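If you're matching them up, the sequences are chains C and H in order.
Take the first sequence: its position 310, counted from the start at 1, is 310 in the numbering used here, and no numbers get skipped.
Offset between the second sequence (1-based) and the numbering used here: plus 1000.
C-beta atoms are modelled at their ideal positions from N, C-alpha and C, and glycine is treated no differently.
Predicted model, so just to flag it, every value in this text is computed and none were measured.
Below is one structure, written out as C-alpha cells; the observations come after it.
Protein chains: 2
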Amino acid sequence: MTVPKNRLALGTSRRRSGESAHGALSTRLRSAILSGTLPPNARLPSARALGLELSLARGTIVGVYERLESEGYLVARGAAGTFVSACLPAGTTPAPSPPKSQGARRASSKLDAAPVARSFQVGVPAVESFPSHIWSRLLARHSRRATARDLARADPCGDPALRGAIAAYLAVSRGVVARPEQVIVTAGYQGALGLLCAAFPGPQHRAWVEEPGYQFTRHALTLAGLRVQPIPVDDEGIAFAGRCSNGPSPDLVFVTASHQMPLGMPLSLARRLSLLAFARARAALIVEDDYDGEFHYASRPLPALASLEPDGPVIYAGTFSKVMFPGLRLGYLVVPEGVRERLERVATLLTPASGFAAQAATADFLGEGHLARHVRRMRRLYAERREALLSALAERASDELLVTPRGGGLLVLARFAPDRQRSDQDVVRRAKALRLSPTPLSVCFSHVPRRGGSGLLLGFAGLHPSRARAEVDRLVSAIVASPLV
Amino acid sequence: MTVPKNRLALGTSRRRSGESAHGALSTRLRSAILSGTLPPNARLPSARALGLELSLARGTIVGVYERLESEGYLVARGAAGTFVSACLPAGTTPAPSPPKSQGARRASSKLDAAPVARSFQVGVPAVESFPSHIWSRLLARHSRRATARDLARADPCGDPALRGAIAAYLAVSRGVVARPEQVIVTAGYQGALGLLCAAFPGPQHRAWVEEPGYQFTRHALTLAGLRVQPIPVDDEGIAFAGRCSNGPSPDLVFVTASHQMPLGMPLSLARRLSLLAFARARAALIVEDDYDGEFHYASRPLPALASLEPDGPVIYAGTFSKVMFPGLRLGYLVVPEGVRERLERVATLLTPASGFAAQAATADFLGEGHLARHVRRMRRLYAERREALLSALAERASDELLVTPRGGGLLVLARFAPDRQRSDQDVVRRAKALRLSPTPLSVCFSHVPRRGGSGLLLGFAGLHPSRARAEVDRLVSAIVASPLV
C-alpha cells in the first residue's frame, strides 16, 4: 500500500512554536508508525511529493527520512521508495492513538504482545534495523532455485559457497587469512561449542576460561564434562603467566581477545604473543571467541588474534548472531590444518551444519556486500546509542554507578560506587519487575570476589537514544530500592 | 514460459506400429524434458487443448501427465496447470537430442554435471518428486513475514510451531502421543546423535547397538567416546536376552524397530514388550531410530515402539531427510518427561536447533497437510520402484543374488548365492567404477561374520522403473568380474 500524502499532514496549527519542521515531521511520523496508522511495509510518498504537499524543502524531508531510517522506523529500498519497517524497534511504547481499524489493531497488538528485547538486554542486536527485505529476497531466491542436488544433500561442514564467502569476509574485516576448507559452519556459537566439546570430550580434556568471562562458555564446557579452570583477567586480558610453570597443560584456552567479556578491554599485543608462544609450547589450542569484534567505535578494530600467525594454534569462532540476527543461528569456526580432519569428522557424525537455504542466502549476503554495508551502518547506530547511554548514565546515575567506557562491543559495564555497594542479583531482580534486563556482573565469575564482583552489564544495542535518559532513571529507581551491603 | 502445443506434436508418421498413443506421447515428453527442449518450469498446455491438437482423448493426455508426474518429470500445480519439474530425475541419461539453443544447453549441462544420486545409493529419497514449488512458497512466506521477534531469537529446542506440528503428525502417522514440549528439533539424525552423546557422554556411558546395524550410529557413538556394545540381531530383531542377567546395564539401546537396518524385518511385538520391560528394570533408555517408518508397502506400517507405552523409556528419533529431503537437515527427538530437562539444557548450551525460517516453513508443510499427501504419493512411487527392482533382480540376477523381500523401507538386501560368494567390498569398488553405488552389507557389522556377512544393500528410491533392468545388468557385470571367494 502507498500512504496518501494527506495522512502525513503536519497539522501546522498544532505545531508548537520553537519546534523545527524537521522535528515536528519526525515526531509525527514516529507516532503514526507506533500507533499503527502507518502500518508495516507501507510505502511513503517521495520526498519531492511530500515536500510540495507540506511546503517544505525536499532536503528537509530527505533528512527526516534518513533520520527515521537510522532509527529503524523506515527502510529505504532504492528506486522502489521508502517504506515503514516490517519490524518495529524493540520495546517501543505505542503513542496514544485514535481508535484504529480492525486491521491496524491486529497488526499493532501483535507487536505490543511481542517485545523483542527489554532495555539493557545483552546479546540481542538492533534487529529492527536489519535489512529484512534484502534477506528475504535472497532466501526466496535460493528456495526457488534449489536444484535436486541442493535437496539431496547438505555438506555437514557447511555450504561450500558460504565457507568461501566467510573466508573472503574474514580476510578483509578481521585480517584472518584462511582457506574455505578451514571454515566449518556451526549452529551459532553454541553449536561451535558443541562441536569443540565433542572433539575434545571430558573429562580427559582440560579447558581454561577467563575469570570473569562469558558465563555461557563456562556452563557449556562444564555441562560437557571438560575440566574447566578459570584463569584471572587483568588489565591486559587473561593473566596466565603464573600457570605456566606448574600444573597440567590445557587443551583449549578460551579468550575474548577483541573486547574482553565482560570487562571490555582488548587482550594486549604483548599478551597475545606470549599466549601464542605458550600454546605452541604446550600443544594447546586457543579458541578466540570473536563475538563482536566488528563493533569498535574509537578507532579501527584490532585485528583478530588468529591473524597474528599463519596457521597458528588458534581456532577462530565467529557468529552471525550479532552482525546479522540471532534467529539465523549460524556461526563458524576457522580451524588450523592440524585439527581440521578431526573436527570435520565430528561435524559429519555428530554436529552437522543446518539446511542449505539459509546458508546459501547468507553466502550471498556476504558476497554481494550487504553484510559489510550493514556492519558500517550499525557501527554508526551503535556509536550513537552507546554515546546516549553513557551521557544518560553520567547525568542521571553518577551517584550510584561508575562507568569506564571501553572502545568497543555492545555493552557497558557499570560498577556500583564504592560507598554504594549493592547485590547486583538483587538489583537485577528489581529491574526485571520494571521490565528492564541488565545482567549482573557476578554471573560472569565462577567464584565471585568480595570486591569488584558486583556490577551491571548494560546492553545498548536495542536502546533508542530518545529513551536512554528515561530508562536510566528507571534503572536508578531499581538500584536505590535495593539495600546497601 | 508456456510450451507451444506444436512442440509436443507426436510426429505420427514416425510412430511405430503397436506403440500406443499413451506410450508414444510419454516417450516424446520424457525425451523433450531430458534434452532440455522442454526446460524446467515450462508450463504444459492443458490436457483439453493438447488433446484437441493431437486428436487424442482428453483422458489419454491426463493419463500421460499423471504418469510423468509420478515419475517426477512433471509437477501439477492445481489450477495453475502442469509444469516441467524444476529438478529432473536423478541420474537420468539425456536422450539423444537435436542441436540445442545456448540456453537449453546451459540448463542441461548443469544437470548433466550434477547427478544427484547414483543407482542403488542408499539414503537419498526421490528428491525430484518433492513438491519444491510448495516448499519454496512456504519458505518465502516466512522469510517475508519474519517479525523482529523471529529475528531476535530462535528457541534452541526448536520453533514452537514446528514442535507442535511434529507432535500432531506423529500422533496420526506413527501412533506416538507426545506433548509439543517433548519434541526437540535437531540437525537431522546426526544432530540427534550429537545431542544424545553430549547428554550421555563417554566413557562413563554405555550404548548397545544392533549387529548388524546402521554403521553411522555405531561410528558416531564410538567417536563420541561411549562404550559401544554390538548386540546380535535375529529374525525378531535385537536379541538381547542373553545379556540380561550378566554384565553392566546399558544407558542407551539403539534399535531400528520398523525395518531393521539393514536386514529389513520389524522388531517383533514380543521382543518390543520384553525390551520395554528390560529398559524399565535397568533404568535404560531405548532410542528408536525410526528412519523410514513411513514407508511400508504390503500392509499398514507398524506403530512405533514409542507408541506402546505412554511416557515409556523410549526416545523416538525421527528425521525429515527421507520424507522431505536430506538437504533440509531437520530431525527431532521425542523425549520422555524424565530426561526432558537434561536434554533441553544440552540443546540450549551445546546443540541448538537451526534458524527459524526453514523450521517455520516445515511446520506449515506438516500443518497444511502437504507432508501427508507427499508421503502417500511417495509410498506409491516407491512401491513401483521396489517392484521393478525386485522383478529385474529375479529376471536378470537370480544366478548371483538371493533376495528376500521385506515389507518396507527404501532398500533391498541382496545376498550372494551360496555357491557364488564374493567380497562385497570388491564388488562395490567395481560397481562404483560403473557409476553404481550399492552399499556393502559388511560395513553394517562391527565384526563381520564368516558366513552371512557379505551382501549388497540396493537403494531403490532414485531408481526409475524403466532403468531397473539395465542397471541390474550393469550391477551383474560388476559382480561377475569380481573373483569368487
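Note on residue 1290 of chain H: 16 or more other CB atoms within 10 angstroms of its CB, so buried under the neighbour-count rule. At a cut-off of 9 Å between C-beta atoms, residue 150 of chain C counts as an interface residue with respect to chain H. For secondary structure counted as the alpha helix (DSSP H) over 4 or more consecutive residues, the segment 1210–1274 of chain H holds these complete runs in sequence order: 1215–1223. Taking every protein chain shown into account, the CB of residue 1466 of chain H has fewer than 16 other CB atoms within 10 angstroms, so this residue is exposed. Contact annotation: in the segment 126–138 of chain C, residues whose CB is within less than 9 Å of a CB in chain H are 127, 128, 130, 132, 133, 135, 136, 137, 138. Close to residue 1197 of chain H, with beta-carbon spacing below 8 Å, are these residues of chain C in chain order: 198, 350. Setting aside the 5 residues that flank it on each side, residue 422 of chain C is surrounded in the same chain by 416, 454, 479, 482, 483, 484, 485, each with a C-beta closer than 8 Å to its C-beta; the list follows chain order. In this structure, the alpha-carbon of residue 358 of chain C lies about 45 Å from that of residue 398 of chain C. Of all residues in the segment 323–335 of chain C, those with a C-beta nearer than 8 Å to a C-beta of chain H are 325, 326, 327, 328, 329, 330, reading in chain order. For residue 184 of chain C, the beta-bridge partners assigned by DSSP are C:333. Taking a Cβ-Cβ cut-off of 7 Å, the neighbours of residue 1345 of chain H in chain C comprise 223, given in sequence order. Comparing alpha-carbon positions, the option among C:64, C:463, C:284, C:330 lying closest to residue 314 of chain C turns out to be C:284.
Residues of chain C whose Cβ lies closer than 8 Å to the Cβ of residue 1190 of chain H are, in chain order, 156, 348, 349, 350, 351, 352. Bounds of any beta strand (DSSP E) do not take in residue 1147 of chain H, whose DSSP letter is neither H nor E.
Judged by DSSP in its simplified three-state form, residue 1119 of chain H adopts strand. Listed in chain order, the alpha helix (DSSP H) elements of length 4 or more contained wholly in the segment 1336–1366 of chain H are 1337–1349. Identification of chain C residues near residue 1356 of chain H by a Cβ-Cβ cut-off of 7 Å yields 327, ordered along the chain.
Taken through DSSP and simplified to helix, strand or coil, residue 1083 of chain H comes out as strand. Assignment of residue 1403 of chain H by DSSP, reduced to helix, strand and coil, places it in the strand class.
Residues of chain H whose Cβ lies closer than 8 Å to the Cβ of residue 193 of chain C are, in chain order, 1349, 1350. Contact with chain H is found for residue 219 of chain C, since one of that chain's Cβ atoms lies less than 9 Å from the residue's Cβ. Residue state for residue 448 of chain C is assigned as coil, using DSSP reduced to three classes. Residue 1286 of chain H has H:1253, H:1314 as its beta-bridge partners, per DSSP.
In this structure residue 1142 of chain H is buried. Its beta-carbon is surrounded by 16 or more other beta-carbon atoms within 10 angstroms. DSSP places residue 379 of chain C within a helical segment (H, G or I) once states are collapsed to three.
Going by C-alpha positions, residue 249 of chain C is about 44 Å away from residue 150 of chain C.
Shown here, residue 373 of chain C sits in a helix according to DSSP, grouped into three states. Beta-bridge partners assigned by DSSP to residue 455 of chain C: C:415. At a beta-carbon threshold of 8 Å, the residues of chain H lying near residue 201 of chain C are 1201, 1202, 1224, 1225, ordered along the chain. Bridge pairing for residue 440 of chain C: C:456 [DSSP]. When DSSP reads this structure, residue 76 of chain C sits in a beta bridge with C:82. By the beta-carbon neighbour count (other beta carbons within 10 angstroms, threshold 16), residue 1224 of chain H is buried. Less than 9 Å separates the beta-carbon of residue 1464 of chain H from that of residue 1385 of chain H.
Taking a beta-carbon distance threshold of 9 Å, residue 1437 of chain H does not count as an interface residue toward chain C. Interface with chain H (9 Å Cβ-Cβ cutoff): residue 117 of chain C is included. Taking a C-beta distance under 9 Å as the contact criterion, residue 166 of chain C and residue 334 of chain C qualify as a contact pair.
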